[in-house]
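For the sequence shown, the positions run 315 to 453 when this note's numbering is used. Idealized CB from N, CA, C, for every residue including glycine. Computed from a prediction, not measured in an experiment: that's the story for all the values here. Heads up, the thing below is written out as structure tokens.
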Amino acid sequence: MKVGLEEIYNILPHRYPFLFIDNIVNLVPGKKATGLKGITSNEDILLLSPSLIIEAMAQVAGITLSYNNQHRAGDYAGYLIEVKDFSFLEEIHIGDRLFFDIELIQKFGNLFRFTGKARAGDRIIAKGELSIAIVSITG
């Protein structure tokens, strides 16, 4: 299933310039997703700070957990709580289309561990694991 920008705005609190995904090109709610970000000369922030790739992957993970789920924006918030075994392998270039592949590998209560990679075509840009905590913000 695909998720467009309008739906992403309904799920995530992030907005420009801190929203690092343009859309979700493939989603299996609660399990895995692939997000897409086109790198233009106006959006070269990811070129300057590779750690923002981790944030983009966390945003895709948040959509994976939230889409068609009780964890909707406004009632719950997701927090990136751990980054593990991350490697940055290639540089990003203007014109790249970055795909962020995320897959849930472990769940414990409100803690979720994902494995993921960022790629531009066949080039693996970064890979590693990240953990997200989902907490109620309504009390």
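Using a 10 angstroms sphere on the CB of LYS351, the tally of other CB atoms reaches 16 or more, which defines it as buried.
In the DSSP secondary-structure assignment, THR348 is bridged to ASN340 and ASP415. Partner residues in the beta bridge of SER445, as assigned by DSSP, are GLU396 and ARG427. In the three-state reduction of the DSSP assignment, TYR323 falls in the helix class, which pools H, G and I. Assigned with DSSP and collapsed to three states, SER450 falls in strand. Around MET371, the same chain offers PHE414, ILE416, GLY430, ALA432 and LEU444 as residues with beta carbons nearer than 7 Å, after the five sequence neighbours per side are excluded.
Within the same chain, Cβ atoms closer than 8 Å to the Cβ of ILE368 are found at LEU394, VAL397, PHE400, ALA440, GLY442 and LEU444, the five residues on either side in sequence being excluded.
Distance between ARG427 and ALA391, taken at the CA atoms: about 16 Å. Here SER363 carries a coil assignment [DSSP, helix/strand/coil]. The closest CA to that of ASN356, considering only ASN340, PRO331 and VAL342, is found on PRO331. For VAL317, the pairing in a beta bridge is given by DSSP as ILE338.
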